[in-house]
Amino acid sequence: MAGHRVFTIPVAEVYPHYITKAEKKGRTQAEVDQIIRWLTGYSQEQLHTALDEKTTFQDFFDAAPALNPNRSLITGSVCGVKLAEIEDPLMKELRYMDKLIDELARGKAMEKILRSPA
Numbered sequence: 001m002a003g004h005r006v007f008t009i010p011v012a013e014v015y016p017h018y019i020t021k022a023e024k025k026g027r028t029q030a031e032v033d034q035i036i037r038w039l040t041g042y043s044q045e046q047l048h049t050a051l052d053e054k055t056t057f058q059d060f061f062d063a064a065p066a067l068n069p070n071r072s073l074i075t076g077s078v079c080g081v082k083l084a085e086i087e088d089p090l091m092k093e094l095r096y097m098d099k100l101i102d103e104l105a106r107g108k109a110m111e112k113i114l115r116s117p118a
């Protein structure tokens, strides 16, 4: 089965939209970066390198140093699709990132977004 078109889009094309979405709600680029680093295990330098090199979502997640084991705690829906019902592993990773950015933009506390123990 062919992959979704979104898999071939460079992360750098979507990243500014994540920043804009967060900043419109009073959040920061640093918080967006923190979320992406938490989810993927990239360092700040590795994240910027991936953005500079126009790495596709497919390659970005394939090369992720350490996908966070707590990402399975991310629940709910993105674009009307329940995360638990997404079968494609890469699409699930993309939707996890979308969900976390949505939570940031809705004003959720960073500790809750990053699924930190209480």
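Number 3 in the working numbering belongs to position 3 of the sequence shown; there are no gaps in the numbering. Heads up, the beta-carbon is just placed ideally off N, CA and C, and yes, glycines get one too.
- Look at residue 8 here: in three-state DSSP terms it is helix.
- Residue state for residue 77 is assigned as strand, using DSSP reduced to three classes.
- With a beta-carbon spacing of about 6 Å, residue 100 and residue 113 fall inside the 8 Å limit used to define contacts.
- Beta-bridge pairing by DSSP links residue 56 to 10.
- Counting the other CB atoms within 10 Å of its CB gives residue 22 a total of 16 or more, which places it among the buried residues.
- Around the beta carbon of residue 27, a 10 Å sphere encloses 16 or more other beta carbons of the protein chains shown; the residue is thus reported as buried.
- Under DSSP, residue 82 forms a beta bridge with 77.
- In the DSSP assignment, residue 27 falls outside any alpha helix (DSSP H) and carries neither an H nor an E.
- The three-state secondary structure of residue 69, taken from DSSP, is helix.
- Counting along the chain, residue 94 sits inside the alpha helix (DSSP H) bounded by residues 89-105.
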